[in-house]
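Novice: As given, the protein sequences belong to chains A and B, one line each in that order. All the letters of the first sequence, read from the start, carry residue numbers 38 to 584 under this note's numbering. All the letters of the second sequence, read from the start, carry residue numbers 843 to 1181 under this note's numbering.
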Amino acid sequence: MLFFSRWKTIFIVGLVALGIILAAPNVMNSDTRAKLPTFLQKTINLGLDLQGGAHMLLEVDLSSVLQQALVNERTGILTEFRDANPRIQGDQIRIQNGLVVGRLRNAADQDRALAVLQEMSTPVDPTQIGSPRRTEVTSVGNDGFSVRITDAQIEAIRKRTIEQSIEVLRDRIDPSGTTEMTLVREGDDRILLQVPGAKNIDEIKAAINRTANLSFHLVHPDSNQERALAQAVQTFDPETGDARLASIGTRYFPHQDTAGGLIVEESTRITGECLENSSPGVHPDNGSAIVNFSFNFRCSRLFGEMTAKNIGKPFAVVLDGEIITAPNIRGAITGGRGFIEGSFTPDSASELSRLLNAGALPAKLVIVEERTVSAELGEASIRAGQVASIIGLMGVAAFMWLSYGLRFGTIANLALATNIGLIAAALTVLGATLTLPGIAGIILTIGMAVDANVLIFERIREETHNGRPPVSAIETGYRRSLAPILDANITTLIAAITLYFVGSGPVRGFAVTLAIGIVTSVFTAVVFARLLTATWLRGTRPKSLPI
Amino acid sequence: MRDISLVRILPVEPRVPFISARLVAGVISIIAVIISMTLFITKGLNYGLDFTGGVVTTVDFGVEPPADVQNFVQTRFEGSQVQNISQPAGSLIDHDYLRISLPLQIEEGGSDDASADGEAERQAQTDAQQVAQAALFEALEGQYDNLKLISTETVSGKVSGELRRKGLIAVVLALGLVLAYIWFRFEWQFGLGAVAALLHDVILTLGVFELFQIEFNLAIIAAILTIVGYSLNDTVIVYDRIRENLRKYKKMPLAEVINISINDTLSRTILTSMTTLLALTALYVLGGPGLEGFSFAMIWGVIVGTYSSIFVASPLLLVLKLKRGSRIDAPKDDVAKTV
């Protein structure tokens, strides 16, 4: 066990040296670091609890997206039935318990209707052979059907919704792409947002809370009928946006500022997706703040047609379920350009146009967890961690020297110092994030890392006591302690890995440092310290061991 | 050159009759476990924000927090807790921060399903939390000058429930995997003994948290799992020696073999506990308020873990009637040790 071939020695020393080189930039100041070659400039990532910043866990409200998918499915079914030749007469086609269900006036139509529905059930991913279908069609009785959205399609919707949300959020919070923020999917329907050093928390929250869903609707004549409107206002449920309405295909929206709302045509083709660009501006006549917009080509035409056909009638601009403004159409707007006037301030106008430019969030986001830490608190935590580490390290080193004397104490402490270097190097290279519990993990490792050395030294002591000569005692000591060291550390490693996979946030940071510490401490105690011991033995050839 | 090495004070072959104290230790352990469990029912754990959901705000007044602030907050916000946070040693700030927690538990029934109701409820809860937080800060700002927000934390009921569940899964899973590993490496009696000792440590650690009502948060789960790791480390070292000595002393009674093994590893147990406690004490004293609970749990855990590997894990092998000689595959170096 004590013989090291030359190559092995070079390898071990090289590995340790590499670790120290990689760890070194962490203790330099930024000026010195800037002079190093780029691959050495990497330092340990500090967690938000150490550098200050905002951590938010957002939950995507998928239920509304799924509900919308059902609404679209129903609209599609109605259109296909109408366009079928001869026309399929449907009856009571509605959404019920997450299904689109319906009956047919003629039971004879059932086969044709099912065929149409099957035809509509396209693959989730058309580019993939054998991709599952979007919907599942079942016949009900001899004149009914039900359409269920398949799990594969729900998963696809979920994935798309989250990806879109992430994209939109990135554009909103960090349009210039200069902040080092993290925006990733977490779990099934969550998004993790981390903004280091964030000062504008309120702005970020505003960007999250607004879906910025814009649409233009024609105002339905029911709005002028007092009874219909009163009924809609009274039954309006702000949570779901539903209200009892007199006519089919209409929808009620409250007005942003005034008490009453309007009943509008539900279907519209002018939505936020039409927007090509928007910018804040000033009203040419009265100087109030407005939001300018321009539509893309397709929507310019649609908007032109809509306005040309409805001159003199009002249309409503709806943002996130609220009417911003409902002007009368004075003439056909063909250029695809226009502006929205409402009760804007210059600030709110520029905020709205920024949100519109970033696009609408496909679903509402709910902040389910939020943690913000000021930069000064982070700094205080780092300083406290540093002080505790250094004092802990010195205490342990002094203890080892006192216990094992100059030679073995030095070997143990060299191994300990190398261990700290290797942990820092591993954290740097892996790009792992150091959190406050992570610092605790390192300090704990300082205490526990010497364990392997203690085990070995105690074994050597025992073997010496049993009458073995120095070289043999050391040899046996190292060999015999290998199994318990591995067993003990693998079990701890199991705990650390479990913690990593089941834990979350800062706890994961702790698990990472603990796991790294276990691996490096075994290496430094079993391999590096053994090399040191072997070198010392060869140099001095002691007659007895100072232990 | 003469070298001072204090380790020589520790005898290489101590013969402390640990195993004969096993009945006393067993009684002590059982009583302690029962007390812990009773405390769990009567006092319960003081769950932190991570597990209850709610809002925690830390504010800096620029000076020591005014004396009347506690009253001010508690009369306006029902159920709120106000706590001074002292600065870590070496900090440049000479005054305490104030930590205000508002527990907001809107009981939610079956919010796990994505029904519109659960969604709306969750939304309402999140809104309520944001409103409460804003209201709190506004009220304080109206009353005191130079206020600065140091940190805020908001955890919704759903997430806190998940964190609680995940924490429990982590501990149970870790125990299970460890049991499997030790069973694989040793005999099943060892695995069972180790896990029993770990359970003992976990329960006693929880007991201390119940007794002193220290805040129990996510970091404490990490601490408990580390205690599991540490105590295991200790137990495995002793077990390894027992296994070795069982081969060495084929005729000796099991109790004696176990006692010799505990004694063989005693100096190592003492030294490692000392270094670990040294590092942890530094962390407890100097690490700042963020790590106080964590390092306290760890210190207690190291003490209990060391105790349990000597007085619980090892004697349990006797109780579980460890069979001898069932492992024939003795390592070769044991046979050929004539050097």
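In this text, a Cβ means the ideal position worked out from N, Cα and C, and glycines have one as well.
Kindly list the residues whose CB is nearer than 6 Å to the CB of V232(A), restricted to its own chain and excluding five residues on each side of it in sequence; keep chain order.
Specialist: Once the five neighbours on either side are set aside, the close Cβ partners of V232(A) are G90, A91, M218.
Novice: Let me check understanding here. Comparing Cα to Cα, which of R227(A), Y289(A), T159(A) lies closest to L99(A)?
Specialist: For L99(A), the nearest C-alpha among the options comes from R227(A).
Novice: What three-state label does DSSP hand P258(A) in the structure shown?
Specialist: DSSP places P258(A) in helix when its eight states are reduced to three.
Novice: Alpha carbon to alpha carbon, what distance is there between L1122(B) and L1133(B)?
Specialist: Taking the straight line joining both Cα atoms gives about 10 Å.
Novice: Determine the contact status of R857(B) and N1105(B), defining contact as a CB-CB distance below 8 Å.
Specialist: Cβ distance < 8 Å, so R857(B) and N1105(B) count as in contact.
Novice: Answer yes or no: does any C-beta atom of chain B fall closer than 8 Å to that of R288(A)?
Specialist: With 8 Å as the cut-off, R288(A) does not count as an interface residue toward chain B.
Novice: Out of L459(A), Y441(A), S331(A), N526(A), which has the shortest C-alpha to C-alpha gap to R498(A)?
Specialist: Minimum Cα distance to R498(A) is reached at Y441(A).
Novice: Within the continuous alpha helix (DSSP H) that includes S943(B), where are the two ends?
Specialist: Element bounds for S943(B): not the alpha helix (DSSP H) but the beta strand (DSSP E), 939-944.
Novice: Going along the chain, which residues of the stretch 1132-1146 of chain B sit with their C-beta nearer than 8 Å to a C-beta in chain A?
Specialist: Taking 8 Å as the Cβ-Cβ cut-off against chain A, the residues of the stretch 1132-1146 of chain B that qualify are G1132, L1133, F1136, S1137, M1140.
Novice: For A326(A), list the residues DSSP reports as bridge partners.
Specialist: The partner list for A326(A) (beta bridge, DSSP) reads V319(A), F381(A).
Novice: How about V854(B): is its C-beta nearer than 8 Å to some C-beta of chain A?
Specialist: Yes, contact with chain A.
Novice: Between A1038(B) and A562(A), what straight-line distance do the alpha-carbon atoms span, to the nearest angstrom?
Specialist: If I take the Cα positions, the gap works out to 30 Å.
Novice: Between H292(A) and the rest of its own chain, which residues show a CB-CB distance below 6 Å, the 5 nearest in sequence each way excluded?
Specialist: So the list reads G298, I360, once near-sequence residues are dropped.
Novice: I'd like to know if G951(B) contacts chain A, where contact means its C-beta is closer than 8 Å to some C-beta of that chain.
Specialist: Model confidence at G951(B) stands at a pLDDT of 43, short of 50, so the residue's coordinates are unreliable; what they give is reported in the following sentence. Taking Cβ atoms only, chain A never reaches closer than 8 Å to G951(B), which makes this a no.
Novice: Excluding the five sequence neighbours on either side, which residues of its own chain have a C-beta within less than 6 Å of the C-beta of P52(A), listed in chain order?
Specialist: Checking the sequence shown, residue 52(A) turns out to be Leu, not Pro. Correct list: empty, nothing qualifies.
Novice: Taking its Cβ as the centre, do 16 or more other Cβ atoms sit within 10 Å of N365(A), making it buried, or is it exposed?
Specialist: So N365(A) ends up on the exposed side.
Novice: Go ahead and pull the three-state DSSP assignment for L588(A).
Specialist: Given a span of 38 to 584 for chain A in the structure shown, any question on residue 588(A) remains unanswerable.
Novice: Below 6 Å CB to CB, which residues in the same chain sit around T1077(B) once its five sequence neighbours on both sides are set aside?
Specialist: Cβ neighbours of T1077(B) beyond the five flanking positions: A1036, A1039, S1151, A1155.
Novice: Where S953(B) and V869(B) are concerned, what is the direct C-alpha to C-alpha distance, given to the nearest angstrom?
Specialist: With a pLDDT of 42 at S953(B), under the threshold of 50, the modelled position of that residue is not reliable, and the figure given next carries that caveat. S953(B) and V869(B): Cα-Cα distance of roughly 45 Å.
Novice: So, does the CB of L439(A) fall closer than 8 Å to a CB anywhere in chain B?
Specialist: Output row for L439(A): interface = yes.
Novice: By how many angstroms is the C-alpha of V108(A) removed from the C-alpha of A956(B)?
Specialist: Residue placement at A956(B) is poorly supported in this model, since its pLDDT is 42, which falls under 50; the coordinates still yield a value, given next. Using only the alpha carbons, I get a separation of about 18 Å.
Novice: Give a yes or no on whether 8 Å exceeds the smallest Cβ distance from L39(A) to chain B.
Specialist: Answer no: the Cβ-Cβ gap between L39(A) and chain B never drops below 8 Å.
Novice: At a Cβ threshold of 8 Å, is S411(A) touching chain B?
Specialist: By this cut-off, S411(A) is an interface position.
Novice: Using a Cβ-Cβ cut-off of 8 Å, state whether Q923(B) counts as contacting chain A.
Specialist: Chain A contact via Cβ: absent.
Novice: By how many angstroms is the C-alpha of S581(A) removed from the C-alpha of R632(A)?
Specialist: This structure leaves residue 632(A) out entirely; chain A is present only between 38 and 584.
Novice: Would I479(A) and N526(A) qualify as a contact pair, given that the criterion is a beta-carbon distance under 8 Å?
Specialist: For I479(A) and N526(A), no; Cβs fall outside 8 Å.
Novice: Given that a residue counts as buried once 16 or more other Cβ atoms are within 10 Å of its Cβ, and exposed if not, what is H502(A)?
Specialist: Flag for H502(A) reads exposed.
Novice: For E949(B) and G1003(B), I'd like the C-alpha separation in whole angstroms.
Specialist: A caution first: E949(B) carries a pLDDT of 47, below 50, which makes its placement in the model too unreliable to give a value.
Novice: Please name the residue in D969(B), L1160(B), I851(B), I942(B) whose C-alpha comes closest to that of N913(B).
Specialist: Nearest C-alpha to N913(B): I942(B).
Novice: CB I404(A) to CB L154(A), shorter than 8 Å?
Specialist: It is not a contact, given that the beta carbons lie outside the stated cut-off.
Novice: Please decide whether R111(A) counts as near chain B, where near means a Cβ-Cβ distance under 8 Å.
Specialist: No - not a single Cβ of chain B is within 8 Å of the one on R111(A).
Novice: If I measure Cβ to Cβ from I191(A) and keep anything under 6 Å in the same chain, skipping five residues before and after, which residues do I get?
Specialist: Closer than 6 Å at Cβ, skipping near neighbours: no residue.
Novice: Can you name, in chain order, every residue of its own chain whose Cβ lies under 8 Å from the Cβ of K350(A), other than the five neighbours on each side?
Specialist: Counting only Cβ-Cβ distances below 8 Å, and skipping sequence neighbours, we find L255, V256, N365, I366.
Novice: In the DSSP output, which residue or residues are listed as bridge partners for F1138(B)?
Specialist: In DSSP, F1138(B) forms no bridge with anything.
Novice: Could you tell me how far apart the beta carbons of L1160(B) and A1097(B) are, in whole angstroms, since I believe they sit closer than 8 Å?
Specialist: Yes, they are in contact, since the Cβ atoms of L1160(B) and A1097(B) sit about 6 Å apart, within 8 Å.
Novice: Just checking: is the beta-carbon of T1047(B) within a distance shorter than 8 Å of some beta-carbon in chain A?
Specialist: Taking Cβ atoms only, chain A never reaches closer than 8 Å to T1047(B), which makes this a no.
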